[in-house]
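The structure appears below as structure tokens.
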Amino acid sequence: MINSQNFFESVLAALHPVATTPAHTAWNYHELIDLISENGTAIRPAAVLIGLIERDSSLHVILTRRTEALRHHAGQISFPGGRIEESDVDPVAAAVREAHEEIGLLPSHIEPLGYLDSFLTITGFHVYPVLAKVSADFIARADPSEVDEIFEVPLEFLLNPDNAKPIEIEYRGKNRTIIEFQYGQYRIWGATASMLVNFRKRIEQAGME
985 MINSQNFFES VLAALHPVAT TPAHTAWNYH ELIDLISENG TAIRPAAVLI
1035 GLIERDSSLH VILTRRTEAL RHHAGQISFP GGRIEESDVD PVAAAVREAH
1085 EEIGLLPSHI EPLGYLDSFL TITGFHVYPV LAKVSADFIA RADPSEVDEI
1135 FEVPLEFLLN PDNAKPIEIE YRGKNRTIIE FQYGQYRIWG ATASMLVNFR
1185 KRIEQAGME
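In structure tokens, the structure reads:
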């Protein structure tokens, strides 16, 4: 079981500082840029909130299942988040705004901690994942136009490398590897799973394993 107090004291060493938007290229840029270029898709900035909340003395990650009616990633498991708007001062502001809109998470219940490495999605979004501590007082309230379900997964499960299953697929004539977690009825894969693996690797690099 991950001790929340010790974890939050140590995790900052594994993150990019919250005060400065990471300027680096998305860590998987070279894996996907051929598909993005082939589609003629413009790369658009986006942000997601990886919210950590304490339940029963252990940390859990807040996740959503998107509605089937959405244009991008319909029905998939994802973090709350979306496109960065002109009114957002930085990706943190965008992630906080989107979390409030999608799952009813109040800004006052969020303590941003820092960034993971940014990530490029196959749909052309350059995503900035913001790790944040979420108050245990949070009560989920889904926006039905975007979110079908809100649920929580133990952080310990998601940081266990044995639970991150690599799957080989062929996509547009090229073999590619995707990551999948199976937690009960929930299949967590694609961009969300890749960001969780990046989270684990940054923790390992920081000597927190």
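When you read off a place in the sequence shown, starting at 1, and then add 984, the result is the number in our numbering. Cβ atoms here follow ideal geometry from the backbone N, Cα and C, with glycine treated the same way. Keep in mind the model is a prediction, meaning the values are calculated, not measured.
Would DSSP call residue i helix, strand or coil?
{"i": "Leu1115", "result": "strand"}
{"i": "Phe1103", "result": "strand"}
{"i": "Glu975", "result": "Since the first and last residues shown for the chain are 985 and 1193, residue 975 lies out of range."}
{"i": "Ser1071", "result": "coil"}
So, at 8 Å on beta carbons, what are the nonlocal neighbours of residue i in its own chain, with the 5 sequence-adjacent residues on each side left out?
{"i": "Ala1120", "result": "Ile1037, Glu1038 and Arg1039"}
{"i": "Asn1012", "result": "Phe1103, Leu1104 and Ser1178"}
{"i": "Glu1140", "result": "Met985, Ile986, Ser1042 and Leu1043"}
Whose CA, out of the options, lies closest to the CA of residue i?
{"i": "Ile1020", "options": "Thr1105, Gly1065, Leu996 and Ala1083", "result": "Thr1105"}
{"i": "Ala1031", "options": "Arg1125, Ser994, Leu1100 and Ser988", "result": "Leu1100"}
{"i": "Ala1010", "options": "Gln1189, Gly1174, Phe992 and Pro1113", "result": "Pro1113"}
{"i": "Leu1143", "options": "Pro1006, Ile1163, Glu1154 and Asp1127", "result": "Ile1163"}
{"i": "Phe1183", "options": "Gly1088, Ser988 and Ala998", "result": "Ala998"}
{"i": "Glu1133", "options": "Thr1048, Ala1190 and Gly1059", "result": "Thr1048"}
{"i": "Asp1146", "options": "Val1181, Gly1174 and Met1192", "result": "Val1181"}
Excluding sequence positions up to five away, which residues of its chain have a Cβ less than 6 Å from the Cβ of residue i?
{"i": "Pro1006", "result": "His1000, Tyr1099 and Ser1102"}
Among residues of its own chain, excluding the 5 on either side of residue i, which ones have a beta-carbon nearer than 7 Å to its beta-carbon?
{"i": "Phe992", "result": "Lys1117"}
Unbroken beta strand (DSSP E) runs of length 3 or more, entirely within the segment 989-1049: which are they? 1028-1039
Does the contact criterion of 3 or more C-beta pairs under 8 Å hold for the segment 1063-1076 versus the segment 1136-1156? no
Are the segment 1064-1079 and the segment 1168-1177 touching by the rule of at least three beta carbon pairs closer than 8 Å? no
Which runs of the alpha helix (DSSP H) spanning at least 4 residues fall entirely within the segment 1121-1173, listed in chain order? 1139-1142
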